[in-house]
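Accompanying notes for the structure given below.
Numbering (mature numbering (1 follows the signal peptide of the UniProt record, and there is no 0)), first residue to last: -22 to -1, 1 to 224.
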């Protein structure tokens, strides 16, 4: 590689490292050690939708999403692009929101991580309603339909969707207060689920599962995470769900 290109790459790396260090120093101003939290999602939570390397270099001057800000108030947030064993070992908590389809090895790693004592908040939306600038099929677009059947089956759950329901956003009574949903799914208890004990909310929107030594809280909708609608109701609902993992 030409010397000039190497120097440019090194400069970009140092700039990114400097931005990360500045953010860490700002968060560490109060002498409170935050628990680590892994974030695995296709939603524009940590980075803006379709953000490229150039935009990342300028991210310190951009306003983060309200979801990211709320998570970083409580946790030392780490974005993940995989759920393989070496990526999640060492973490006690995960937020998994509208993920891509998991590889078989990721399903195994996640299941073993939970059974070993991990705690996860999972948003699995069968019909995502969040606005996207990108057309259907564009890889930069969040996943419109969640594909998590293998891991749900392992935990004794299935995800269902009623296509006759109203398309309007509505508010339901969640476990910790009112909860905005739109074209939501519902969970059902299925066969299997070895060493997994799940209870469902009255509308089956939320499944609370004790799995081995760990726990998973699953929500069959992701409207609460709409990054363009950071209202007080959404903030309160997400905060309530996070507290249930403590």
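We treat Cβ as the ideally placed atom computed from N, Cα and C, and that holds for glycine.
**Prompt:** Smallest Cα separation from residue 191: which of 73, 148, 206, 173?
**Reply:** If you number the chain shown from 1, residue 191 lands on position 213. The residue with the shortest Cα to Cα distance from residue 191 is 173.
**Request:** Return the residue from the list 214, 207, 26, 11 that minimises the CA-CA distance to residue 111.
**Result:** In the chain shown, residue 111 corresponds to position 133, counting from 1. Closest option to residue 111, Cα to Cα, is 26.
**Asked** DSSP three-state call for residue 205: helix, strand or coil?
**Response** In the chain shown, the residue the question calls residue 205 occupies position 227. In the structure shown, residue 205 sits in coil (DSSP, three-state: anything other than H, G, I, E or B).
**Asked** Which of the three DSSP states, helix, strand or coil, is assigned to residue 51?
**Response** Taking the chain shown and counting its residues from 1, the one referred to as residue 51 is at position 73. It is helical.
**Prompt:** So what's residue -1 in DSSP terms, helix, strand or just coil?
**Reply:** Here residue -1 is taken as the residue at index 22 of the chain shown, counted from 1. Its pLDDT being 45, under 50, residue -1 is placed unreliably by the model, and the measurement read from it follows with that caveat. Residue -1 falls in the helix class under three-state DSSP.
**Message:** Per DSSP, what are the beta-bridge partners of residue 150 in this structure?
**Reply:** Numbered from 1 along the chain shown, position 172 holds the residue referred to as residue 150. The partner list for residue 150 (beta bridge, DSSP) reads 157.
**Message:** Among the candidates 144, 200, 134, 140, whose CA atom is the shortest distance from the CA of residue 166?
**Reply:** On the chain shown, residue 166 is found 188 positions in, with the first residue counted as 1. Checking every option, the nearest Cα to that of residue 166 belongs to 134.
**Message:** Report the start-end ranges of each beta strand (DSSP E) in the region 170 to 218 that is 3 residues or longer and not cut off at the edges.
**Reply:** 174 to 178, 184 to 189, 192 to 197
**Item:** the region 174 to 193 touching the region 117 to 127, judged by at least three CB pairs closer than 8 Å
**Value:** no
**Request:** Would you check if there are 3 or more beta carbon pairs closer than 8 Å linking the region 82 to 89 to the region 56 to 67?
**Result:** yes
**Request:** Grab me the residues of residue 162's own chain with a C-beta within less than 7 Å of its C-beta, minus the 5 sequence neighbours each way, in chain order.
**Result:** Along the chain shown, one-based indexing puts residue 162 at 184. Here the set comprises 183, 198, 199.
**Asked** When DSSP builds the beta bridges, which residues end up paired with residue 94?
**Response** For this step, residue 94 is matched to residue 116 along the chain shown. The partner list for residue 94 (beta bridge, DSSP) is empty, contrary to what the question assumes.
**Request:** Pick out whichever of 127, 170, 207 has its Cα sitting closest to the Cα of residue 236.
**Result:** Outside the displayed span of the chain (-22 to 224) sits residue 236, for which this structure offers no information.
**Request:** Look up residue 166 in the DSSP assignment and give the residues it is bridged to.
**Result:** Looking up residue 166 in the chain shown gives position 188. Looking at the DSSP assignment, residue 166 forms a beta bridge with 136.
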